[in-house]
Every structure is written in C-alpha cells, then in structure tokens.
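FYI, the numbering for the sequence shown is 826 to 1313, going by the numbering used here. Even glycine gets a Cβ: it sits at the ideal position worked out from N, Cα and C. Scroll down for the structure; my scribbles are underneath it.
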Amino acid sequence: MGESISIVGGGIGGLSTACYLADAGADVTVLEQHDTLGGVAGTAEMEGFRFDTGPSWYLMPEVFERFFDHFGRSVDDAYTLERLDPSYRIFWKDGDRMDVPADPEALAPKLEAYEAGAADAFHRYLDHAEEVYDLAMERFIYPGRSSLRDWLSLDVLRSVRALPLLRSMDAHVQGYVEHPKLRQLLEYKLVFLGGSPYNTPALYTLMSHVDFNQGVYHPHGGMQALVDALAELAEDLGATLETDAPVEGLDARGTGVQVHANGHTHRADRVVANAAPAHVERTLLPPAQRDHDDAYWDGRTYGPSAYLLYLGVEGPVDPLLHHSLVLPPDWDPHFEAVFDTPGWPTDPAYYLHVPSQTDPTFAPDGHHSVFVLVPIAPGLRDGSARRAWMRERVLEDLATHVVDLRDRIVTERDACVSDFAEHFGQPQGNALGLAHTLWQTGPLRPSHRADNAPGLYYVGADTQPGVGLPMCLLSGEHVADRIVGDAA
Ligand SMILES: Cc1cc2nc3c(=O)[nH]c(=O)nc-3n(C[C@H](O)[C@H](O)[C@H](O)COP(=O)(O)OP(=O)(O)OC[C@H]3O[C@@H](n4cnc5c(N)ncnc54)[C@H](O)[C@@H]3O)c2cc1C
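Structure (structure tokens):
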C-alpha cells in the first residue's frame, strides 16, 4: 500500500498491527515510550527470578495459530507450548479445594458431589457455551464485524437463543447450577474480561468453552516468548520498532497526521494508537480533534485495577500449582468493593501464578517465582501504607488457607493502581481496560477509526473485540484491514 504508518505503543495490539500492515506493504514504525515492548504483557527479572508481570494465562491457542499462519509461520516455530493438566487449582477458604482437569469429562463427576444433577447440567451448559463461542467467533470476532445491525440480525438472534444472552452471567449460570462454589467455578473467568458475574452479559458464557474445552497453556519462557516472536516477525516483515520513543502529541489537521515524538515532529499518512483511547484524547490530541469529552470517559465502566505482588521464594510452595485461585465461599463483598462501593477488600479473592512449578527457567534451583494478583477497584489511592496493609493481609490469608511464604521471601516488588496510571496511561489506573458490560460490548466499544481526527485509528484492549491477548492480536488484524480498505 506504500503509506507511512506510525503506531503509538508496542503492546500486543500495536505489534500485531505492525505485522499486518508491514505485510501489506506499508512503511511501519512502532513508537514505544518504554525501553521494552509488549505493553502490560511484561517481564521482570529480579535476582535470578523471572516474572510475567501482566498476563499469564495463554488461552484460545487457535487465535495465535491463525495469526502466525497468516504469515506462513506456526506457533511451534516461535515457542514451545505446553497444555497444563490440571489447568488450575481452586482453594476455598473453608478448606475445600478442587483441581480443574484439562479434560472436562473428568471434571463433571466432581461437580456431582456439590449438587445432584450438576454433571449433566455442566454438560448442557458447556454445549451451549461452545455453540455461542462458535457463532461469536465465526460471525463477529474473526471477521471483525462491528455494526449493531450485524449483531442484531435475525438468524443470529434465533440461532443461540440470543435474548437470554443479554441477561447477567450470574442469572444465566443459575439456570444450570445453584451451588455457590459451582457458580464461582463457571463465573470467575469474567474477571479476565474486566467484569463481574453481575455486570457482564451471559454472552460471555463463551469463556467457559475457552476455559474447560480449549484448555490452559503455558509458552515456555513465559509471555516474553510471545512478545519476542511478535517483535521478530514485525521486523522480518520490514517494520521498524523504536523503544524509548514517547509520543508527546498528535495533530490530524491537514494531510496526514503530525506526530510529536522524542522532541521531534514527523508526518505519517496514518497513525494507529495502541495507547488507551481515553489517554490519547486527553493528553495527545488537540481538543477540537477529540471524539468525546471528559464526562464521557469518566462515565465509562473500567475493569478492575490490581494489587500485584511478585515474590522470589525459597523452598517448596506446594500445594500451589502453576495457576491457583484462592476464593472466599462468599465472594460478593469483594465484587462490591471493586464495582459498587470502591474500597480495599478485607476478605480478598485472589489469583497466584507459579510458573516455576512447570518451567524451571523462572527461578533458581530450590526456589519459586510467585505472583499474586488481587483485583481491586480502579481509582483507589494506593500509597505505601495501603500497599503494605494489602501485602500483610494477603500473605497472612495465604498462610492460613494454603501455604506460609512469609519467612522465605528472598526478593519482592509490588505494583498497583498508580503504576498502571503512570506507566501505561490507563484511565483511573485500571489494569484491564474497558469492562465488557452489555453497553461496552462489540459495536458499543470504541471503534477502530477516530471520527474527528482524520487518519487516526485505535487498536488494543479498549477497542474491539476487547480485552485479552488473543483479542488484541485480532484487533491488530481488524484495524489493519480497515486501513488497507481506507487507503484503496
Ligand atoms: C495484570 C494483568 C493480567 C492479565 N492477565 C491476562 C491473561 O492471563 N491472559 C490474557 O490473555 N490477558 C490478560 N491480561 C490482558 C492483556 O494483557 C491485555 O488485554 C493486553 O496485553 C493489552 O494489550 P494492548 O494491545 O491493549 O496494549 P497495552 O499492553 O496496553 O500496551 C500499550 C502500549 O502503549 C504504550 N504507550 C502508551 N502511551 C504511549 C505514548 N504516548 N507513546 C508511546 N507509547 C505509548 C505503552 O507504554 C504500552 O506499551 C492481563 C492484563 C493485566 C494488566
């Protein structure tokens, strides 16, 4: 296509866009403000320990295969992928625990112990989740259909009993199982989308197909292996990747877009912003070129932020698995503290990533790399006293219910709301982007093309299709298609 394209940000969406546009013949430059690529898909090295600082669940492997396949490559060329079995372990704070096996057939009988008929209900639930997944991927997500008319077409409404998919996920799940622990099992994946079972539509039942049928994978070397593979591919295709290159302003008056970066100004035919649209509008664009005012962005529902603790630990950390969840039997107070009445959770539900349980490259011999993630409300004040309180709270909780790490921590670091705000420009310091509520789903998310700034496009978690590594890869494909179409 021969156009010059600047991409603001080298997250997964920015790198994916770079690959597609460079492949289409554009002159592509990625400008990343930090000294590393990958955005929130980061890695930290501390005293011989390695941590995936952001995403750690490699889900929907077919999306990654499809991506590399487009460029004549395969995931196997890029990194080694291992399916985890069990996929993860749940610890309930009443002493109960459940391993979720890779084979859903092996999970079903376990559910019967909680509720008579649950095995059969699980099968019916999962069949429906698969039906919704297939339809959503084929009709909307892969082709990048973004108009409301497509989503509301009659055959779609008929084919998956669509109207019930607009009620809440919790209401949907209760149509199959009633036991609170089984509901948690089917619903917790919504946190990955930045939502709760009460504000996320049942359409996202498709996440259960992703979770139980498709399974959970680990790329050897962690998410850095994915980021490295994307960067290498982009460069092979001819893109230029610049780090330490903060973009300070954009101006779409005249032909092309003026890009102010690193104290210099250059003109690009088009610009793709991988930074959050709210951040771009508020800090990079002249007011007249914004599509929305502050009230609009303040009124959005953002996904949770997180209190994150990265620990290098000496000695065994059993019974933690590669992925573990620690849940209070009643998790409603925690969701209320995230979405309804923002506050620090006193009885937290949290996630632990211990990749060194399966991948020895993450920690020195006899040690483990442990990452704790507590979802918290965006916008909370996270001064050192608050962080210290949360650290004590979570380590004490872990010691009471799973394993005591307190005397064996050899290195540590944390991250929280202000780090997401300052480091990545995430509105209110949220971690995941715009939540997938009903009014922020599909065509109701920010679109790929700005209205008032000609030549400016958006890619990444805050746009369509949404949050998560696979969705951001697809977002790059869709925005590139749009640009190639606009340039024709
Ligand atoms: C803690 C955490 C855990 C997660 N867990 C999972 C998981 O297990 N599995 C999963 O699939 N997903 C997970 N996610 C979600 C997933 O990581 C994100 O949806 C995805 O990585 C976001 O990618 P993105 O393309 O939106 O770009 P981002 O990662 O948001 O990157 C945007 C980039 O733009 C750069 N930038 C911003 N402003 C400028 C500027 N002015 N100039 C230059 N550069 C700029 C930033 O520095 C950044 O590198 C998780 C996210 C977080 C935070």
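Cβ atoms of residue 1098 and residue 834 come within 8 angstroms of each other, at about 7 angstroms.
Put simply, of 850, 829, 856 and 845 the residue whose alpha carbon is nearest the alpha carbon of residue 1086 is 856.
Taking 4 residues as the minimum length, the alpha helix (DSSP H) runs contained wholly in the segment 981-1032 are 994-999 and 1005-1012, in order along the chain.
When only Cα atoms are considered, residue 1084 and residue 1121 end up about 25 angstroms apart.
For residue 896, no beta strand (DSSP E) encloses it, and the DSSP letter there is neither H nor E. In the DSSP annotation of this structure, residue 923 is not part of any alpha helix (DSSP H); the continuous beta strand (DSSP E) holding it starts and ends at 922-925. For residue 1234, the uninterrupted beta strand (DSSP E) run begins and ends at 1234-1240, by DSSP. At a cut-off of 7 angstroms, the beta-carbon of residue 1106 does not count as near ligand 1: no heavy atom of the ligand is closer than that. With contact defined as three or more Cβ pairs closer than 8 angstroms, the segment 1023-1039 and the segment 991-999 are in contact. Just so you know, the alpha carbons of residue 1248 and residue 1169 end up roughly 22 angstroms apart. Remark: the shortest separation between the CB of residue 1136 and any heavy atom of ligand 1 does not fall under 7 angstroms. Non-local C-beta neighbours of residue 831 in its own chain, meaning closer than 7 angstroms and more than five positions away in sequence, comprise 854, 856, 1084, 1093 and 1096, ordered along the chain.
Taking C-beta separations shorter than 8 angstroms and ignoring five residues to either side along the sequence, the partners of residue 1258 in its chain run 1019, 1101, 1127, 1128, 1251, 1285, 1286, 1287, 1291 and 1292, following chain order. For residue 1237, the CB stays at least 7 angstroms from every heavy atom of ligand 1. About 6 angstroms separates the beta carbons of residue 1192 and residue 1138, which is inside the 8 angstroms limit, making them a contact pair. Ligand 1 never approaches residue 1195 closely enough for any of its heavy atoms to be under 7 angstroms from the residue's Cβ. By the Cβ criterion, the segment 1138-1149 is not in contact with the segment 1000-1010, since fewer than three pairs of Cβ atoms, one from each stretch, lie closer than 8 angstroms.
Counting along the chain, the unbroken alpha helix (DSSP H) around residue 837 starts and ends at 837-848. Annotation: residue 1262 to residue 1190 spans about 44 angstroms, alpha carbon to alpha carbon. Of the residues 866, 884, 1224 and 959, the one whose Cα lies closest to the Cα of residue 877 is 866. In the structure shown, residue 1080 adopts coil according to DSSP, grouped into three states.
Counting the other CB atoms within 10 Å of its CB gives residue 1012 a total of 16 or more, which places it among the buried residues. Annotated as distal: residue 1204 and residue 1124, with beta-carbon spacing of 8 angstroms or more.
Collapsing the DSSP output to three states places residue 863 in a strand.
Annotation for residue 1059: the continuous alpha helix (DSSP H) segment containing it runs 1048-1061. With respect to residue 910, residue 926 sits close: the two C-beta atoms are nearer than 8 angstroms.
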